[in-house]
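Q:
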Amino acid sequence: IACTRIKKGKGVCGTSWADQKTLIVPDVEQFPGHIACSSLSKSEIVIPIIRNNEVVGVLDVDSVAYDDFDETDRTYLQELVDSLVIPQTFAN
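Counting from 18, one number per residue, gives the positions in the sequence shown under our numbering.
Put into structure tokens, the structure is as follows:
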């Protein structure tokens, strides 16, 4: 649950939402418009949750260490997100 509502295109989460792509941010202070929920956060990965070509949410993981996420994290977190998305045919 987010610390605040984030608008589409704002901060790391909102940018991931708007662009419909995963973002790995090695240093959140270098990301233009970063929205800090915690002053301890140093790096971040955000994976959009997409259903029927529409973002229905994002998975946002922060770390207290700089440059703490890589392509391996992206791969496994994407698998987790994909397992959360229920196809439309089963959702009705």
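We put the CB at the ideal spot given by N, CA and C, even for glycine.
Taking Cβ positions, are residue 45 and residue 59 nearer each other than 8 Å?
A: Yes, Cβ-Cβ distance for residue 45 and residue 59 is below 8 Å.
Q: Check each candidate in 47, 30, 43 and 29 and name the one with the smallest Cα separation from residue 82.
A: Selected option, being the one with the closest Cα: 43.
Q: Name the DSSP bridge partner or partners of residue 103?
A: The partner list for residue 103 (beta bridge, DSSP) is empty, contrary to what the question assumes.
Q: Are the Cβ atoms of residue 63 and residue 33 separated by less than 8 Å?
A: Yes, the pair counts as a contact, with Cβ atoms nearer than the cut-off.
Q: From what residue to what residue does the beta strand (DSSP E) around residue 79 run?
A: Counting along the chain, the beta strand (DSSP E) containing residue 79 begins and ends at 71-80.
Q: What residues in its chain sit with their C-beta under 7 Å from that of residue 66, if we drop five residues either side in the sequence?
A: For residue 66, where only same-chain residues beyond five positions count, the Cβ hits under 7 Å are 72, 73, 74, 75, 76, 98, 101 and 102.
Q: Opposite residue 63 in the DSSP bridges: which residues?
A: According to DSSP, residue 63 bridges with 40 and 77.
Q: Buried or exposed: where does residue 39 fall if 16 or more other Cβ atoms within 10 Å of its Cβ makes it buried?
A: Classification of residue 39: buried, given that the 10 Å Cβ count is 16 or more.
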